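Residue numbers for the sequence shown, in numbering that gives the first Met the number 0: 0 to 141.
Using N, Cα and C, we set each Cβ at its ideal position, and we do this for glycine too.
Just so you know, these numbers come straight off a predicted model, no measurement behind them.
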Amino acid sequence: MLSQSSSNRKIYQKLLFSATLTHIPEILQQLNLFHLVLFSSSSTSIIMPSTLRENFIICSITYKPLIIAYLIQNQLHSERIMIFVHSKKDVDRLSSLRKLLLPDNIKVSHISRKLPSKKIQTRLNMFELGQIQILVCSDVLA
(Lines of atoms letter the chains of each structure in order from A and count residues from 1; the text may use other names and numbers.)
(Lines give C-alpha, C1' and ligand atoms only; values in the text may rest on other atoms or scores of the structure.)
Protein backbone atom coordinates (compact mmCIF):
# COMPACT_ATOMS: atom_id res chain seq x y z
CA MET A 1 0.00 0.00 0.00
CA LEU A 2 2.81 2.37 0.85
CA SER A 3 4.65 1.71 -2.42
CA GLN A 4 1.45 2.19 -4.41
CA SER A 5 0.72 5.61 -2.91
CA SER A 6 4.29 6.76 -3.42
CA SER A 7 4.23 5.72 -7.09
CA ASN A 8 1.04 7.74 -7.68
CA ARG A 9 2.55 10.83 -6.13
CA LYS A 10 3.28 13.59 -8.64
CA ILE A 11 6.79 14.92 -8.79
CA TYR A 12 7.22 18.62 -9.38
CA GLN A 13 10.27 20.41 -10.62
CA LYS A 14 11.04 23.95 -9.50
CA LEU A 15 12.68 26.26 -12.00
CA LEU A 16 13.91 29.61 -10.78
CA PHE A 17 15.01 32.34 -13.20
CA SER A 18 16.41 35.62 -11.98
CA ALA A 19 18.59 38.36 -13.39
CA THR A 20 19.67 39.27 -9.87
CA LEU A 21 19.79 35.88 -8.15
CA THR A 22 22.04 35.80 -5.13
CA HIS A 23 24.90 33.35 -4.76
CA ILE A 24 24.64 33.36 -0.96
CA PRO A 25 24.01 29.71 0.08
CA GLU A 26 21.92 30.58 3.15
CA ILE A 27 19.39 32.51 1.07
CA LEU A 28 19.21 29.80 -1.60
CA GLN A 29 18.70 27.19 1.13
CA GLN A 30 15.49 28.94 2.22
CA LEU A 31 13.99 28.05 -1.17
CA ASN A 32 14.08 24.32 -0.26
CA LEU A 33 15.51 23.30 -3.59
CA PHE A 34 16.56 19.67 -4.02
CA HIS A 35 19.54 18.84 -6.26
CA LEU A 36 20.13 22.48 -7.01
CA VAL A 37 21.76 23.23 -10.35
CA LEU A 38 22.85 26.81 -10.88
CA PHE A 39 23.60 28.24 -14.31
CA SER A 40 25.04 31.71 -14.49
CA SER A 41 26.39 33.99 -17.14
CA SER A 42 29.60 35.86 -16.63
CA SER A 43 29.28 38.13 -19.62
CA THR A 44 30.27 41.66 -18.70
CA SER A 45 29.83 43.28 -22.08
CA ILE A 46 26.67 45.29 -22.51
CA ILE A 47 25.56 46.46 -25.92
CA MET A 48 23.43 49.59 -25.87
CA PRO A 49 21.53 50.80 -28.94
CA SER A 50 23.19 53.83 -30.50
CA THR A 51 19.90 55.74 -30.41
CA LEU A 52 19.35 55.19 -26.69
CA ARG A 53 19.84 58.33 -24.61
CA GLU A 54 19.79 58.54 -20.85
CA ASN A 55 19.33 61.77 -18.91
CA PHE A 56 20.22 62.17 -15.26
CA ILE A 57 19.40 65.27 -13.24
CA ILE A 58 19.78 65.65 -9.49
CA CYS A 59 16.96 67.73 -8.04
CA SER A 60 14.50 68.00 -5.20
CA ILE A 61 11.56 65.60 -5.38
CA THR A 62 9.27 68.63 -5.50
CA TYR A 63 10.63 69.67 -8.90
CA LYS A 64 10.87 66.27 -10.59
CA PRO A 65 7.53 66.42 -12.46
CA LEU A 66 8.24 69.95 -13.66
CA ILE A 67 11.72 69.01 -14.87
CA ILE A 68 10.37 65.94 -16.68
CA ALA A 69 7.72 68.06 -18.39
CA TYR A 70 10.35 70.65 -19.35
CA LEU A 71 12.69 68.01 -20.77
CA ILE A 72 9.91 66.42 -22.80
CA GLN A 73 8.72 69.74 -24.24
CA ASN A 74 12.05 71.46 -24.85
CA GLN A 75 15.01 69.11 -24.76
CA LEU A 76 14.08 65.59 -25.74
CA HIS A 77 13.40 65.35 -29.43
CA SER A 78 12.36 61.75 -29.60
CA GLU A 79 9.39 59.87 -30.99
CA ARG A 80 9.19 57.65 -27.93
CA ILE A 81 10.15 58.19 -24.30
CA MET A 82 10.07 55.59 -21.55
CA ILE A 83 10.14 56.86 -17.96
CA PHE A 84 10.83 54.51 -15.06
CA VAL A 85 9.48 55.42 -11.63
CA HIS A 86 9.68 53.75 -8.24
CA SER A 87 6.08 52.79 -7.51
CA LYS A 88 2.52 52.60 -8.80
CA LYS A 89 1.78 55.76 -6.80
CA ASP A 90 4.53 57.57 -8.73
CA VAL A 91 3.10 56.25 -12.01
CA ASP A 92 -0.33 57.65 -11.16
CA ARG A 93 1.05 60.98 -9.96
CA LEU A 94 3.22 61.50 -13.02
CA SER A 95 0.41 60.46 -15.37
CA SER A 96 -1.95 62.96 -13.71
CA LEU A 97 0.58 65.79 -13.82
CA ARG A 98 1.28 65.01 -17.46
CA LYS A 99 -2.31 65.94 -18.30
CA LEU A 100 -1.72 69.37 -16.79
CA LEU A 101 1.79 70.01 -18.09
CA LEU A 102 2.02 68.48 -21.56
CA PRO A 103 0.16 69.19 -24.80
CA ASP A 104 -2.85 67.00 -25.61
CA ASN A 105 -1.26 65.69 -28.82
CA ILE A 106 1.33 63.73 -26.82
CA LYS A 107 -0.15 60.29 -26.13
CA VAL A 108 0.94 59.04 -22.70
CA SER A 109 0.19 55.70 -21.10
CA HIS A 110 1.48 53.75 -18.15
CA ILE A 111 2.12 50.22 -17.05
CA SER A 112 2.47 48.80 -13.59
CA ARG A 113 2.34 45.43 -11.90
CA LYS A 114 -1.38 45.84 -11.16
CA LEU A 115 -2.35 45.82 -14.84
CA PRO A 116 -3.28 42.50 -16.45
CA SER A 117 -0.45 41.09 -18.57
CA LYS A 118 -2.59 41.39 -21.73
CA LYS A 119 -2.95 45.16 -21.19
CA ILE A 120 0.76 45.49 -20.47
CA GLN A 121 1.60 43.72 -23.72
CA THR A 122 -0.92 45.80 -25.68
CA ARG A 123 0.57 49.03 -24.36
CA LEU A 124 4.12 47.88 -25.06
CA ASN A 125 3.10 47.04 -28.64
CA MET A 126 1.43 50.44 -29.05
CA PHE A 127 4.58 52.11 -27.72
CA GLU A 128 6.74 50.14 -30.14
CA LEU A 129 4.49 51.16 -33.05
CA GLY A 130 4.61 54.84 -32.03
CA GLN A 131 0.93 55.00 -31.07
CA ILE A 132 2.03 55.92 -27.53
CA GLN A 133 4.80 58.53 -27.31
CA ILE A 134 5.50 58.37 -23.58
CA LEU A 135 5.29 55.24 -21.45
CA VAL A 136 5.56 55.61 -17.67
CA CYS A 137 6.64 52.33 -16.05
CA SER A 138 6.89 51.10 -12.51
CA ASP A 139 9.04 48.16 -11.43
CA VAL A 140 7.15 45.80 -13.75
CA LEU A 141 9.74 46.37 -16.52
CA ALA A 142 12.81 46.99 -14.42
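| Check | Outcome |
| --- | --- |
| Let me check one thing: in DSSP terms, what residues is V107 bridge-paired to? | I133 |
| DSSP three-state label for F38, please. | coil |
| Quick one: using the 10 Å Cβ neighbour count with 16 as the cut-off for buried, is D103 buried or exposed? | exposed |
| With 16 other CB atoms within 10 Å as the buried threshold, where does I133 fall? | buried |
| Please state whether DSSP places M81 in a helix, a strand or coil. | strand |
| At what residues does the alpha helix (DSSP H) containing I67 begin and finish? | 63 to 69 |
| Since I believe I66 is in contact with C58 (beta carbons under 8 Å), could you give me their beta-carbon distance rounded to a whole number of angstroms? | 6 Å |
| Tell me, to the nearest whole angstrom, how far the beta carbon of L101 is from that of P64; I am working on the premise that it is less than 8 Å. | About 10 Å separates the two Cβ atoms, so there is no contact after all. |
| Are the beta-carbon atoms of V90 and S137 separated by less than 8 Å? | yes |
| Starting from I119, follow the alpha helix (DSSP H) in both directions and report where the run begins and ends. | 116 to 127 |
| Helix or strand or just coil, what does DSSP make of E53? | coil |
| Under 8 Å, do V135 and V84 count as touching if we go by C-beta distance? | yes |
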